[in-house]
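Q:
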Amino acid sequence: MAGEGATSLSEESFTKPTAFVLGNEGSGLREKTREVCDTLISIPIHPRCESLNAAASTAVVLYAWSKEHESALS
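If you read the sequence shown in full-length UniProt numbering, its first letter stands for residue 1, the second for the next number, and so on.
(1) Taking the alpha helix (DSSP H) that L62 belongs to, which residues open and close that run?
(2) Can you name, in chain order, every residue of its own chain whose Cβ lies under 6 Å from the Cβ of L9, other than the five neighbours on each side?
(3) Give a yes or no on whether the C-beta atoms belonging to E25 and A54 are separated by under 8 Å.
(4) Using 10 angstroms around the beta-carbon of S57, count the other beta-carbons present and answer buried if the total reaches 16, otherwise exposed.
(5) Looking at T33 and V21, is the spacing between their C-beta atoms short of 8 Å?
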């Protein structure tokens, strides 16, 4: 997940096997890590909200993934 990711979370369908990679809250993902990721996802947030911390971002993305893979959680 990257704040400046090219793919919005609302556009991602999670059709391929997925591994989530999080960067630290200060500097995000290292460049070499970004280079090996197939997709960088951004989470749309309200303009008045400065950012989401790593835990909140993870919760949002895992919820979106779970909506696409409900049977995986059974």
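C-beta atoms are modelled at their ideal positions from N, C-alpha and C, and glycine is treated no differently. Quantities reported herein were computed from a predicted structural model and do not represent experimental measurements.
A: According to the structure shown:
(1) A54 to E68
(2) I41, I43 and A64
(3) yes
(4) buried
(5) yes
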